[in-house]
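The working numbering numbers the first residue of the sequence shown as 1279 and each following residue consecutively. First the structure, in the form of structure tokens, and then the observations on it.
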Amino acid sequence: MNIPSSLYKYTTFDSATRIIQNQSFRWSSILDFNDPFESRFHLDEKNESNAIRLMAIASSITCRLLTPNDTNTIYEQFKEKRPGKHQELVKANNIINTSIQLFIENKTVDNYLNIEKAIRHSMSISDIMEKTIYGYKGFIDATHKIIKEKFGVLCLSKIPNNHLMWSHYARNHTGIMFEIDIEKLKECTVIANTLKKIKYTEQFPEITFEMIKGMNKELFPEEAKKLFEVLLLTKQEIWNYENEYRSIIPIKNLAENGLFSLPKECFKSVTLGCAMQEQDRNKILCMIHNHLPETNIFENKINKRNYSLDHLKV
């Protein structure tokens, strides 16, 4: 995929002062984003193979054995409709536990697949276990938890001087637009390799049978990469005006507060919003001269004849 030679970051005045001082951007959690549909997806939980894999992948992550108390709790939910089925459930639990124990002792792909086989076998022994597995709803919540806690996201736009972007992300044109030189970024950091284009669609992305394995990223790193890229790189069509690109980085690779520093030469230009207060303008110009002396400076002015912004060199 071809990445544009420049990408743009629209920010508030306060965020811009921090960025200029430290030459650092923040890779944020999706918890901080303004779209409640962020990282949503569809999964057919009624599909038998999906249901089995959901339970198996959860078991491979938690490595938790099913205890007698678990068995009793499950049975209590079904005993009125299925009396006398307790021993079948115990037998089914034992089959699953044996496979989980082997996996705990040796965490290989083959031993993981044996958990799937054991769960499928247990469903044929106990219809209570079958209903329990189909009723497992933890995957979606667990996926969101991992995305929120493990990944930082930097959002950039292909489009310079977009009026809506100025309004939504630069506090009604009072903030700053940074132009990032992607060619220089490629030379100086590994961040350029993490940049991906957002896909816009009207439907949630579909999580496939193979992608479910990606929840255990230690065991299935390639599937994990596909899973989390799909979830973090898909947005509703209504957002397509943003022409967004994202850099996704594990939080463990970032500094405190999700910060990552860029070389000064990557800051190609800075544009001041057309509604910036005079005192803020003076402050930010001083900061740019002190911290980013080689960076081009522009400011927007409202055109006197039409709905456009004049982009003027300072």
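Glycine included, each C-beta is placed from N, C-alpha and C at the ideal position. Only a predicted model underlies this, so the values are computations on that prediction, with no experimental measurement involved.
- When DSSP states are grouped into helix, strand and coil, residue 1430 belongs to the strand group.
- Contact between the stretch 1425-1442 and the stretch 1291-1306 is present, with at least three C-beta pairs closer than 8 Å.
- Only residues of its own chain outside the window of five on either side were considered, and among them 1349 have a CB closer than 6 Å to the CB of residue 1368, listed in chain order.
- The Cβ-Cβ distance between residue 1576 and residue 1561 does not fall below 9 Å.
- Excluding its 5 nearest sequence neighbours in each direction, residue 1315 has C-beta neighbours in its own chain below 7 Å: 1514, listed in chain order.
- Counting every other CB atom within 10 Å of its CB across the protein chains shown gives residue 1490 a total of 16 or more, marking it as buried.
- Annotation for residue 1481: no beta strand (DSSP E) segment contains it, and DSSP assigns it neither H nor E.
- Taking all protein chains in view, the Cβ of residue 1400 is crowded by 16 or more other Cβ atoms within 10 Å, so the residue is classified as buried.
- Going by DSSP, residue 1490 is part of the alpha helix (DSSP H) stretching over 1487-1490.
- Distance from the CA of residue 1347 to the CA of residue 1353, rounded to the nearest whole angstrom, comes to 10 Å.
- Comparing alpha-carbon positions, the option among 1297, 1564, 1428 lying closest to residue 1537 turns out to be 1297.
- Straight-line measurement puts the Cα of residue 1291 at about 25 Å from the Cα of residue 1473.
- Boundaries for residue 1343: no beta strand (DSSP E) harbours it, and the DSSP string shows neither H nor E there.
- In this structure, the CA atom of residue 1547 is about 11 Å from the CA atom of residue 1285.
- Within the same chain, 1307, 1308, 1309 come within 8 Å of residue 1426 by CB-CB distance, once the 5 residues on both sides are set aside.
- Using a Cβ distance threshold of 9 Å, residue 1457 and residue 1386 do not count as a contacting pair.
- Counted as a single uninterrupted DSSP element, the alpha helix (DSSP H) harbouring residue 1398 occupies residues 1387-1403.
- Taking a cut-off of 8 Å for Cβ pairs, the stretch 1369-1382 and the stretch 1320-1327 do not touch, as fewer than three such pairs fall below it.
- The three-state secondary structure of residue 1468, taken from DSSP, is coil.
- Judged by their CB atoms, residue 1330 and residue 1403 are not nearer to each other than the 9 Å cut-off.
- The alpha carbon of residue 1535 has as its nearest neighbour, out of 1585, 1300, 1407, the alpha carbon of 1300.
- By the Cβ neighbour-count rule, residue 1517 is exposed, with fewer than 16 other Cβ atoms within 10 Å of its own.
- About 5 Å separates the beta carbon of residue 1319 from that of residue 1482, a gap short enough to meet the 8 Å contact definition.
- Rounded to the nearest angstrom, the Cβ distance from residue 1523 to residue 1475 is 5 Å, consistent with a contact under 8 Å.
- Under the three-state reduction of DSSP, residue 1550 is assigned to strand.
- Taken in chain order, the complete beta strand (DSSP E) segments of 3 or more residues contained in the stretch 1285-1320 are 1302-1304.
- Closest option to residue 1578, judged by alpha-carbon separation, among 1485, 1541, 1454: 1454.
- Each of 1532, 1519, 1420, 1525 was checked against the Cα of residue 1492, and the nearest Cα belongs to 1420.
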